[in-house]
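Trainee:
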Amino acid sequence: MIKGLHHNAYRCRDSEETRAFYEDFLGLPFAGALEISTTKTGRGTHVLHTFFQMEDGSFLAFFDDPNTPFDFKAQRDFDLHIALEVEHQQLEPMLERGREAGIESRGISDHGFIESIYFRDPNGYVIELTARRPGQEDNVGDEGDPHEILKKWTRAKVATQ
692 MIKGLHHNAY RCRDSEETRA FYEDFLGLPF AGALEISTTK TGRGTHVLHT FFQMEDGSFL
752 AFFDDPNTPF DFKAQRDFDL HIALEVEHQQ LEPMLERGRE AGIESRGISD HGFIESIYFR
812 DPNGYVIELT ARRPGQEDNV GDEGDPHEIL KKWTRAKVAT Q
């Protein structure tokens, strides 16, 4: 059975810029860096794999692979974002800190069950800092049975295609 998230891994443009954002700005401990020169299949490579630890023991990880092209295209929040949970009282100070640092910042957005602020990291990824609203600690919204919502969505989507 799955116990939880160990790490999510993303490409990065530059490991030092990424470290500065995640360690210096967000405050995540820089927990590890692995220089990879050979893949598990024996192919030569030159990649740095970095890890930033969250309070629950899981990690955000990045691959710096300067010799392999990667399209760092602009992503909308609905395309890709990384949501990290914080205490509610951290939202305002972090938003102000981001603005003062010249980091693309926006919020506070009220989503009903959570409130969020958003930044764009040096790789172009949208980073959401989110705080659960009181009384909403154990859910992701109360819109009804998720299976029924999905069935309704699927029927409507198929009908419009």
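When we follow my numbering, the leftmost residue of the sequence shown carries the number 692, and every step to the right adds one. Think of the CB as a built atom: it goes at the ideal place given N, C-alpha and C, for glycine as much as any other residue. All figures in this text were calculated on a predicted structure; none of them were measured in a lab.
1. I need the straight-line Cα distance from alanine 700 to alanine 752, nearest angstrom please.
2. Expressed to the nearest angstrom, what Euclidean distance is found between the alpha-carbon atoms of methionine 785 and proline 825?
3. On the CB-based measure, 16 or more other CB atoms within 10 Å of its CB, does glycine 789 come out buried or exposed?
4. On a CA-only basis, which of Asp770, Glu778, Glu795, His697 is nearest glutamate 806? Give me that one, please.
5. I need the straight-line Cα distance from alanine 724 to arginine 704, nearest angstrom please.
6. Could you check the C-alpha separation between arginine 710 and glycine 718 for me, to the nearest Å?
7. If you compare alpha carbons, which of Ile808, Glu714, His838, Ile794 is closest to glutamine 781?
8. Enumerate in chain order the residues of its own chain whose CB-to-CB distance from isoleucine 818 is below 6 Å, with the five nearest sequence positions on each side excluded.
9. What is the residue span of the beta strand (DSSP E) that histidine 838 lies within?
10. Could you tell me the alpha carbon to alpha carbon distance between arginine 767 and glutamate 795, rounded to whole angstroms?
11. Go through the region 729-798 residue by residue and report every complete run of the beta strand (DSSP E) that reaches 3 residues or more, in order.
Mentor: Walking through what the data contain:
1. 4 Å
2. 20 Å
3. buried
4. Glu778
5. 15 Å
6. 10 Å
7. Ile808
8. Ile773, Phe810, Asp812
9. No beta strand (DSSP E) holds histidine 838; the alpha helix (DSSP H) holding it covers 837-851.
10. 13 Å
11. 735-744, 750-755, 772-776
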